[in-house]
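Q: Residue numbers (our numbering), protein chains in the order written: chain A, 50 to 333; chain B, 1052 to 1373.
Even for Gly, the Cβ is constructed at its ideal location relative to N, Cα and C.
This is the structure we're talking about:
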C-alpha cells in the first residue's frame, strides 16, 4: 500500500511536469497546426538558463523568472521571423523547428558544456512530508501543487477572459476569427511564446530532480507528444488528462518493467487512437 | 483524374539543362567512382547508396502519397536489429538473416499501418513520431535482446556470410548498388503504375478519390507497407555494411534526417531523395572533419533548405507538377 501511494505520487509529479510541457505544445498546435519538435528544447533551455542564474544569485525563483522570460522571447522571435511565413505549410514549419532543435542542442553544449547537473533545491522545500509510513519529498508535492495552479490559471484565462475567447475562436476556425477582427498573427506569436515559457518553467521545476543534460530535450519530447495525442491535439483539458495517464503509466511502467519503459506508452496510445482517432478531447 | 503527364512528375521525364548534367555526373561517380576512390570514399559512397534507397522508400509515402512520416527510421532500424539478432544470437545463415530482416521490418509496417492509415497531415506526423520513439525506447531499454545503448556488434561480413568469393569494400559496394538498382526500378514501376497514380490522386484530393470509388484507406495502408518494406531492405544492407547496430538508427534525429533528405532533394521525384541522401552524407562527413559543431551546421541546413528550396533542389525553378 505504501508502495502504491508513493508510486502514485511519483506518477503525479511526472504528470505535473508533463502538463507544463504539453499544455504549450497542444495550444500551439491548436492555434497554428504546428508540430513543434523544438518544444523539448524549450524545456532544456529553461533548465540551463535557470542554472546560470542560480549559480550567480542562488535564487531558484529568480532563475525561474529569467528562464521563462528568456525562453519565451526566443519562442516569440522563432514564431515571428521563421515560422509565421510558412503559416500554411505544416511540413516546412516542422522542419524549421527540427533545425532549431538541433541548433539549441548544440548551442547548449557550446555554452554550458556537456556535464549533467541538477538545480539546487530551494531551502524551504528541502526535506519530506511524512504521513504514517509514506514519506514523500516536499519538493515533489510543491511541483504538483504549482502545476495544478498553472492548470487552473490556464483554464481561467481560456474560459473566462476575452483573450481566452479569442484563443478559442482561433482554434475553432482561424479564418473566421481573423475576419471578425482578431489579430491571429499576434495571438499565434503570443501563444507560441507562452508555450515556450511554460516549457521552460517546467524545466526549472523539474531541474532539482531530473536536472539538465544535452539530450533531455528529445527524451521528454516523445512523452509530451503522447500526452497530446492521447488528450487530443489543441485541447487543454486533454493535455491535463493525457499528462496524468502518461505520467502514471510511465512511472509504474518504469518501476515494474524497467526494460519496457517508453514501450508501455504504446498500449494506451493505440487504444485511444483506435477508439477515438482525434484523441480524448480533440476535434477533427 | 486529370493527370497531364505522369512522366514529368517522376522526375525522369523532363531532363534537361543542369538536371541532365547532374544525373550524368552522379551516374559516373556511382558507377565507376569506387574503382578509383580510396577506401574512405568507397565507404561514403556505400552509405550514400543505402541511404538513397531508404530516402526513396520514404518518398513513396511522403512525396507520392502525401503522408509525412516522422518515424520511418524505425523500419530501417528494426530490420537492422533483426539481422543483428538473428546473426549473432542464433547464428543464422545469410538468407535467413536477409529475408528475416526484411520480413520483420515489413511486418512491423503492416502492424503500424493499421494504426496510422486513417489519419492524415500533421496528425500522421505526430503519431508516426510517437510510434518511432516507442520503438527507439524499446531498442534502448530492452537490454537482454538489443544490448541497450551498447548495441549489437559482430554482424558477419556480408560477402563471406553469403558465400561469395570476394571480399573488401569495393565488391560490397557493387552488391549494394545492385540491390539499390533493383529496388529503385521496382519503386519507379510502383509510382508510375495505376496504383501510384491513385496514390498521387489521394495526395491531391482524397475526397474526390473516395467519391470516384477508390478505397483510400487501403491505398494508404499498402503504400505505408511498401514504403516500410523498402526501408527494411536498406536496413538489412546497412547492418551488413556497418557490422553493428545501435539505438541511434531509429531515433528521432535519424527519422528527421531522412525527412530532410527527401524534402531537400525534392519530394515525389524519386531522384530527389538520392540527391538529398548524397548531399547529407557528404556534408555530414566533410563537416565533421572540420568542426565539432556539426549538429549546429545541420540545424542551419534544415532552416536554409526550407527558406531556399522549399520544394527541393530537384524542383528548383520548376513549376509545380504532379
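Grouping DSSP H, G and I as helix and E and B as strand, with all else coil, what is residue 308 (chain A)?
A: Here residue 308 (chain A) corresponds to residue number 259 of the first chain, with the count starting at 1. Reduced to three states, the DSSP call for residue 308 (chain A) is helix.
Q: Helix, strand or coil: which one does DSSP assign to residue 139 (chain A)?
A: As a first step, residue 139 (chain A) is located in the first chain; it is residue number 90 there, counting from the start. Helix, per DSSP.
Q: Less than 7 Å between CB atoms is the rule here; does residue 170 (chain A) satisfy it with respect to chain B?
A: Residue mapping note: residue 170 (chain A) aligns to position 121 of the first chain, counting from 1. Chain B contact via Cβ: absent.
Q: I'd like to know whether the C-beta atoms of residue 71 (chain A) and residue 249 (chain A) end up nearer to each other than 7 Å.
A: As a working note, residue 71 (chain A) is residue 22 in the first chain. As a working note, residue 249 (chain A) is residue 200 in the first chain. For residue 71 (chain A) and residue 249 (chain A), no; Cβs fall outside 7 Å.
Q: Would you check if the distance between the CB atom of residue 79 (chain A) and the CB atom of residue 213 (chain A) is smaller than 7 Å?
A: If you number the first chain from 1, residue 79 (chain A) lands on position 30. If you number the first chain from 1, residue 213 (chain A) lands on position 164. No, the pair does not count as a contact, with Cβ atoms beyond the cut-off.
Q: When you compare each of B:1367, B:1193, B:1152 and B:1125 to residue 1135 (chain B) by their alpha carbons, which one comes out closest?
A: Translated into positions along the second chain, residue 1135 (chain B) becomes position 84. It is B:1152 whose Cα lies nearest to the Cα of residue 1135 (chain B).
Q: Mark residue 1368 (chain B) as exposed unless 16 or more other C-beta atoms lie within 10 angstroms of its C-beta, in which case mark it buried.
A: By one-based count along the second chain, residue 1368 (chain B) stands at place 317. Classification for residue 1368 (chain B): exposed.
Q: Distance cutoff 7 Å, beta carbons only. Does residue 116 (chain A) sit that close to anything in chain B?
A: Within the first chain, residue 116 (chain A) is the residue found at index 67, counting from 1. False, the Cβ-Cβ gap to chain B never drops below 7 Å.
Q: Which first and last residues belong to the alpha helix (DSSP H) in which residue 1080 (chain B) is found?
A: Translated into positions along the second chain, residue 1080 (chain B) becomes position 29. Following the DSSP letters along the chain, one finds residue 1080 (chain B) inside the alpha helix (DSSP H) bounded by residues 1069 to 1087.
Q: Residue 1102 (chain B) and residue 1123 (chain B) - do their beta-carbons sit closer together than 7 Å?
A: Against the second chain, residue 1123 (chain B) aligns to sequence position 72. Against the second chain, residue 1102 (chain B) aligns to sequence position 51. The answer is no: Cβ separation not under 7 Å.
Q: Mind pulling the chain B residues with CB within less than 8 Å of residue 164 (chain A)?
A: For the purposes of this step, residue 164 (chain A) is taken as the residue at position 115 of the first chain. Ordered by position in chain B, no residue passes the 8 Å Cβ test against residue 164 (chain A), which lies about 16 Å from the chain.
Q: Does the CB of residue 1181 (chain B) have a neighbour CB from chain A at under 7 Å?
A: Taking the first residue of the second chain as 1, we reach residue 1181 (chain B) at position 130. Output row for residue 1181 (chain B): interface = yes.
Q: So what's residue 1220 (chain B) in DSSP terms, helix, strand or just coil?
A: Residue mapping note: residue 1220 (chain B) aligns to position 169 of the second chain, counting from 1. In the structure shown, residue 1220 (chain B) sits in a helix (DSSP, three-state: H, G or I).
Q: For residue 82 (chain A), which of A:293, A:135, A:305 and A:129 has the nearest alpha-carbon?
A: Against the first chain, residue 82 (chain A) aligns to sequence position 33. For the residues A:293, A:135, A:305 and A:129, the minimum Cα distance to residue 82 (chain A) belongs to A:135.
Q: Using a 10 Å radius around the Cβ and a threshold of 16 neighbouring Cβ atoms, would you call residue 1289 (chain B) buried or exposed?
A: Position 238 of the second chain, counting from 1, holds the residue named residue 1289 (chain B). Buried, by the Cβ-count rule.
Q: Give me the Cα-Cα distance between residue 243 (chain A) and residue 1196 (chain B), rounded to the nearest whole angstrom.
A: For the purposes of this step, residue 243 (chain A) is taken as residue 194 along the first chain, with counting starting at 1. For the purposes of this step, residue 1196 (chain B) is taken as residue 145 along the second chain, with counting starting at 1. Rounded to the nearest angstrom, the two C-alpha atoms are 43 Å apart.
Q: Short check: CB of residue 142 (chain A) to CB of residue 238 (chain A), under 7 Å?
A: Here residue 142 (chain A) refers to the residue found at position 93 when the first chain is read from its first residue. Here residue 238 (chain A) refers to the residue found at position 189 when the first chain is read from its first residue. Taking a C-beta distance under 7 Å as the contact criterion, residue 142 (chain A) and residue 238 (chain A) do not qualify as a contact pair.
Q: From residue 56 (chain A) to residue 304 (chain A), what does the alpha carbon distance come to, in whole angstroms?
A: Sequence index remark: in the first chain, residue 56 (chain A) carries index 7 (1-based). Sequence index remark: in the first chain, residue 304 (chain A) carries index 255 (1-based). Taking the straight line from one Cα to the other gives about 8 Å.
Q: First and last residue of the alpha helix (DSSP H) that includes residue 118 (chain A)?
A: Working through the first chain from its first residue, we reach residue 118 (chain A) at position 69. Here the alpha helix (DSSP H) through residue 118 (chain A) covers 109 to 127.
Q: Using the beta-carbon count (16 or more within 10 Å), is residue 22 (chain A) buried or exposed?
A: The first residue shown for chain A is 50 and the last is 333, placing residue 22 (chain A) beyond what the model contains.
Q: If you count every other CB in all the chains shown that lies within 10 Å of the CB of residue 1182 (chain B), and 16 or more means buried, which is it?
A: For this step, residue 1182 (chain B) is matched to residue 131 along the second chain. Flag for residue 1182 (chain B) reads buried.
Q: Do you know how far the Cα of residue 279 (chain A) is from the Cα of residue 325 (chain A)?
A: Taking the first residue of the first chain as 1, we reach residue 325 (chain A) at position 276. Taking the first residue of the first chain as 1, we reach residue 279 (chain A) at position 230. Distance between the alpha carbons of residue 325 (chain A) and residue 279 (chain A): 9 Å.
Q: Any Cβ of chain A within less than 7 Å of the Cβ of residue 1373 (chain B)?
A: Position 322 of the second chain, counted from the start, is the residue given in the question as residue 1373 (chain B). Only weak support exists for where residue 1373 (chain B) lies, its pLDDT of 45 falling under 50; the coordinates are left without a value.
Q: Would you call the segment 259 to 279 of chain A and the segment 1183 to 1193 of chain B in contact, with 3 or more CB pairs under 8 Å?
A: yes
Q: Closest by CA to residue 234 (chain A), which one among A:107, A:133, A:165 and A:153?
A: On the first chain, residue 234 (chain A) is found 185 positions in, with the first residue counted as 1. Residue nearest to residue 234 (chain A) within the set A:107, A:133, A:165 and A:153 is A:133 (criterion: CA-CA distance).
Q: Could you check if residue 1309 (chain B) is buried or exposed, using at least 16 other CB atoms within 10 Å of its CB as the buried criterion?
A: As a first step, residue 1309 (chain B) must be located in the second chain, where it is residue number 258. Residue 1309 (chain B) is buried by the Cβ-count criterion.
Q: Rounded to whole angstroms, how far is the Cβ of residue 99 (chain A) from the Cβ of residue 112 (chain A), which I believe are closer than 8 Å?
A: The sequence position of residue 99 (chain A) within the first chain is 50, counting from 1. The sequence position of residue 112 (chain A) within the first chain is 63, counting from 1. Contact flag correct, Cβ pair sits at about 4 Å.
Q: Curious, which full-length alpha helix (DSSP H) runs of at least 4 residues does the segment 212 to 294 of chain A contain?
A: Qualifying alpha helix (DSSP H) stretches, in chain order: 223 to 228, 233 to 259 and 265 to 280.
Q: For a cutoff of 7 Å on Cβ pairs, would you count residue 1369 (chain B) as touching chain A?
A: Residue mapping note: residue 1369 (chain B) aligns to position 318 of the second chain, counting from 1. At a cut-off of 7 Å between beta carbons, residue 1369 (chain B) makes no contact with chain A.
Q: Looking at C-alpha atoms only, which residue of B:1166, B:1072 and B:1097 is the closest neighbour of residue 318 (chain A)?
A: Residue mapping note: residue 318 (chain A) aligns to position 269 of the first chain, counting from 1. Of the listed residues, the one whose Cα sits closest to residue 318 (chain A) is B:1166.
Q: At a CB distance below 8 Å, what residues from the segment 1305 to 1317 of chain B approach chain A? Give them in sequence order.
A: 1307, 1310, 1311 and 1314
Q: Would you say residue 144 (chain A) and residue 1357 (chain B) are within 7 Å of each other, going by their C-beta atoms?
A: Within the first chain, the letter at position 95 stands for residue 144 (chain A). Within the second chain, the letter at position 306 stands for residue 1357 (chain B). Cβ distance < 7 Å, so residue 144 (chain A) and residue 1357 (chain B) count as in contact.
Q: Return the residues of the segment 1352 to 1367 of chain B that lie within a Cβ-Cβ distance of less than 7 Å from chain A, sorted by chain order.
A: From the segment 1352 to 1367 of chain B, only 1353, 1354, 1357 and 1361 have a Cβ closer than 7 Å to chain A.
Q: Could you tell me which chain A residues have their CB closer than 8 Å to the CB of residue 1003 (chain B), listed as they occur along the chain?
A: Examination of residue 1003 (chain B) is not possible in this model, given that chain B is present from 1052 through 1373 alone.
Q: In this structure, does DSSP put residue 180 (chain A) in helix, strand or coil?
A: Start at 1 with the first residue of the first chain, and residue 180 (chain A) comes out as number 131. Correct three-state label for residue 180 (chain A): strand.
Q: Taking 7 Å as the CB-CB cut-off, is residue 1347 (chain B) touching chain A?
A: In the second chain, counting from the first residue as 1, residue 1347 (chain B) sits at position 296. Yes, contact with chain A.
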